[in-house]
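Step one of this worksheet: look at the structure below.
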């Protein structure tokens, strides 16, 4: 009787390991398609890391500097 229980226990451990592996793969697949894929698609289509779509610049307009000697002396 003890041998039958030990064999059944060993087989139950093998079956539970297979079921646990399938369960983990299912959770990983579900996580991938519900969390990572939408985040990746959103960041791909909504971000612009090279700033190729922005036409504005951060340059400031300023008046041209005079080349005269008096203007250079006034600068200090």
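Numbering (the working numbering), first residue to last: 127 to 202.
A virtual CB, placed ideally from N, CA and C, is assigned to each residue, including glycine.
This structure is a prediction, so every number in the text was calculated from the model and none was measured.
Pairing residue 136 with residue 128, the inter-Cα distance amounts to about 12 Å. Between residue 144 and residue 164, the alpha-carbon positions lie close to 30 Å from each other. If you ignore the 5 residues before and after residue 173, its C-beta comes within less than 7 Å of no other C-beta in its own chain. If you look at residue 128, you'll find it in the alpha helix (DSSP H) that goes 128-157. When the Cα atoms are used, residue 147 and residue 179 turn out to be separated by approximately 45 Å.
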